[in-house]
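To keep things clear, I will list the structure first and then write my remarks on it.
Residue numbers (our numbering): 16 to 301.
Here you go:
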């Protein structure tokens with residue numbers, strides 16, 4: 016059964032293969048049709064506790080990467096670097112604003128195997144960001160509009176069209192505002208990019224690989240959390256002057272148990288937990 020998350024989103028309506036974008040306050044239906052996996056609402060209290068956790072600022076770094084291992088497959092002899100999050104989220108003129116983009120060792124083959132998911136993720140985060148962030152609009156107009164009309168993008172265009180369906184929209188207070196066409200999101204592909212980003216940041220900070228069998232849980236944050244985030248913006252590491260920012264912390268007794276907060280275009284927030292869920296309580300007291 017489809018669950019609805021209170022989100023602000025842009026309805027993607029394809030008419031004669033032209034993309035029209037309208038600004039609406041509504042609930043976003045998120046459903047992975049293949050895996051039947053649904054993202055549930057988050058507990059705002061947990062979000063606030065996570066923020067208090069991060070403010071302790073106990074992140075440490077080690078000098079060298081773990082034998083040049085690939086952060087994706089865990090094997091040695093990585094022959095390239097991968098960007099986390101994907102480089103395609105940053106127009107070239109913004110890539111040198113603030114700290115450099117985050118890169119970690121990876122095999123070129125592993126890196127390239129996720130290129131299509133990276134493209135899909137860019138499409139996903141730009142939908143709710145378009146009307147709220149100038150750089151999201153600039154990226155959409157410069158890249159997505161052109162991409163969607165290229166002859167070689169016919170498969171991607173049809174994929175998007177096949178994932179548009181009816182949605183009953185309601186305000187945050189539950190008042191119905193109409194029926195619309197909305198884009199259904201492939202949660203598995205979105206989560207895959209977020210997991211790789213958390214693994215990459217872990218590798219960047221600790222210089223060790225997060226074990227491939229380490230559990231990773233991912234979810235969207237409620238819009239209410241933005242005020243908390245904005246009030247404490249200095250606690251985040253900022254990449255490309257606001258296109259991406261993140262906070263992270265690990266259990267000092269076992270750094271596989273970690274928590275992350277990712278923000279894209281100041282509009283889309285994710286939380287990530289790594290490690291044994293039974294040990295998350297240790298993180299609250301770090």
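By construction, the Cβ of each residue, glycine as well, lies at the ideal position given by its N, Cα and C atoms.
Item	Value
Range covered by the beta strand (DSSP E) that runs through residue 183	179-185
Pick from 272, 90, 103 that is closest to residue 293, judged by C-alpha positions	272
Which residues DSSP lists as bridging residue 198, in chain order	179
Residue from 93, 91, 187, 100 whose Cα sits closest to the Cα of residue 217	100
Three-state class that DSSP yields for residue 268 in the structure shown	coil
Same chain, Cβ closer than 7 Å to residue 8, neighbours up to 5 away in sequence not counted	The structure shown has nothing for residue 8, since the chain only spans 16 to 301.
Backbone secondary structure at residue 208 - three-state DSSP	helix
Proximity of residue 253 and residue 244 at Cβ, strictly below 7 Å	no
One or two residues paired with residue 104 in a DSSP bridge	Per DSSP, none; premise fails for residue 104.
Check whether residue 104 and residue 137 have beta carbons under 7 Å apart	yes
Those runs of the beta strand (DSSP E) which lie wholly inside the segment 83-145 and span at least 3 residues	95-98, 118-121
Distance between residue 145 and residue 250 (C-alpha atoms, nearest Å)	25 Å
Rounded straight-line distance, which links the Cα of residue 278 to that of residue 115	17 Å
Residue 289 beta carbon less than 7 Å from that of residue 202	no
Per-residue DSSP class, three states only, for residue 157	helix
Contacts around residue 168, its chain only, beta-carbon distance under 8 Å, and the 5 residues preceding and following it disregarded	162
Residues near residue 48 in its chain [Cβ-Cβ closer than 6 Å; skip 5 each side]	The pLDDT assigned to residue 48 is 32, lower than 50, so where the model puts this residue is not dependable; a value taken from the coordinates is nonetheless given after this. If we look at residue 48 and ignore the five residues flanking it on each side, it has no Cβ neighbours.
Cβ contact check for the segment 166-180 and the segment 117-130: 3 or more pairs under 8 Å	no
DSSP beta-bridge partners of residue 289	231, 273
DSSP bridge partner residues for residue 259 (one or two, in chain order)	254, 279
Delimiting residues of the alpha helix (DSSP H) encompassing residue 244	240-246
CB contact flag (residue 9, residue 286, <7 Å)	Here the chain has residues from 16 to 301 only, and residue 9 is not among them.
Alpha-carbon spacing of residue 107 relative to residue 257, whole angstroms	15 Å
Alpha carbon of residue 192 to alpha carbon of residue 97, nearest angstrom	43 Å
Nearest candidate by alpha-carbon position, reference residue 210, set 222, 229, 221	229
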